[in-house]
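J.:
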Amino acid sequence: MKNQQDIGLAFLRIGISLLMITHGFGKFQTLIAGGDIQFVNFFGLGTSFSMFLAVIGELIAPLCIALGFYTRWAALIAAFTMGVAAFYIHAADALSDKELALLYFIGFASIFFLGGGKYSLNKK
2 MKNQQDIGLA FLRIGISLLM ITHGFGKFQT LIAGGDIQFV NFFGLGTSFS MFLAVIGELI
62 APLCIALGFY TRWAALIAAF TMGVAAFYIH AADALSDKEL ALLYFIGFAS IFFLGGGKYS
122 LNKK
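Following the numbering used here, the numbering of the sequence shown begins with 2 at its first residue and continues without gaps.
This is how it looks when you write it as structure tokens:
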């Protein structure tokens, strides 16, 4: 039974992270291209810095989660990023418009509480 839970956690951890990386990679490409950045100005931090933070939450942190490297810290960063997307950026939108961000938020928050599991680099 424990082995099945470890496999399930690895499946959740790797699956949700790989899906999130597809969102973060596009932002990363836009950020390094250097042109005019059309992105939300989160709390007045500027569009470029806000996108940089989104890249950390949508590319770097999920990569760490998929590998099981500092999983809880990375999941906290990814969950926070998705919380901002759901509850700040899409706050006034219909549920259907914020549903994906909420699903990612729930997944990453769950990984934060569960940890990386047996099949991770940190094995915790």
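Ideal Cβ placement from N, Cα and C applies to all residues, glycine included. These numbers were taken from a predicted model, which means no experiment stands behind them.
For residue 46, is the classification buried or exposed, using 16 other Cβ atoms within 10 angstroms of its Cβ as the cut-off for buried?
T.: Taking the sequence shown and counting its residues from 1, the one referred to as residue 46 is at position 45. Its Cβ having fewer than 16 others within 10 Å, residue 46 is exposed.
J.: Do residue 31 and residue 58 count as a contact pair if the criterion is CB distance below 9 Å?
T.: One-based indexing of the sequence shown puts residue 58 at position 57. One-based indexing of the sequence shown puts residue 31 at position 30. Their beta carbons are not under 9 Å apart, which means residue 58 does not touch residue 31 by this criterion.
J.: Could you spell out where the alpha helix (DSSP H) holding residue 94 opens and where it closes?
T.: If you number the sequence shown from 1, residue 94 lands on position 93. It is not in any alpha helix (DSSP H) - residue 94 carries neither H nor E in the DSSP assignment.
J.: Evaluate residue 23 with the Cβ neighbour count: other Cβ atoms within 10 Å of its Cβ, from every protein chain shown; 16 or more gives buried, anything less gives exposed.
T.: Counting from one through the sequence shown, the residue named residue 23 turns up at place 22. Its Cβ having fewer than 16 others within 10 Å, residue 23 is exposed.
J.: Could you compute how far the alpha carbon of residue 20 sits from the alpha carbon of residue 64?
T.: Within the sequence shown, numbered from 1, the residue matching residue 20 stands at position 19. Within the sequence shown, numbered from 1, the residue matching residue 64 stands at position 63. Taking the straight line joining both Cα atoms gives about 10 Å.
J.: Can you find the residues in the same chain that come closer than 7 Å, C-beta to C-beta, to residue 91, ignoring five residues on each side of it along the sequence?
T.: As a first step, residue 91 is located in the sequence shown; it is residue number 90 there, counting from the start. The beta carbon of residue 91 lies closer than 7 Å to those of 98, 99, 102 in the same chain, with the five residues before and after it left out.
J.: I'd like the list of long-range same chain contacts for residue 123, defined as Cβ closer than 8 Å, with 5 residues on each side in sequence excluded.
T.: Counted from its first residue, the sequence shown places residue 123 at position 122. Cβ within range, chain order: 69, 70, 71, 72, 117.
J.: Cα separation between residue 17 and residue 112?
T.: Indexing the sequence shown from 1 puts residue 17 at position 16. Indexing the sequence shown from 1 puts residue 112 at position 111. The straight-line gap from Cα to Cα measures roughly 10 Å.
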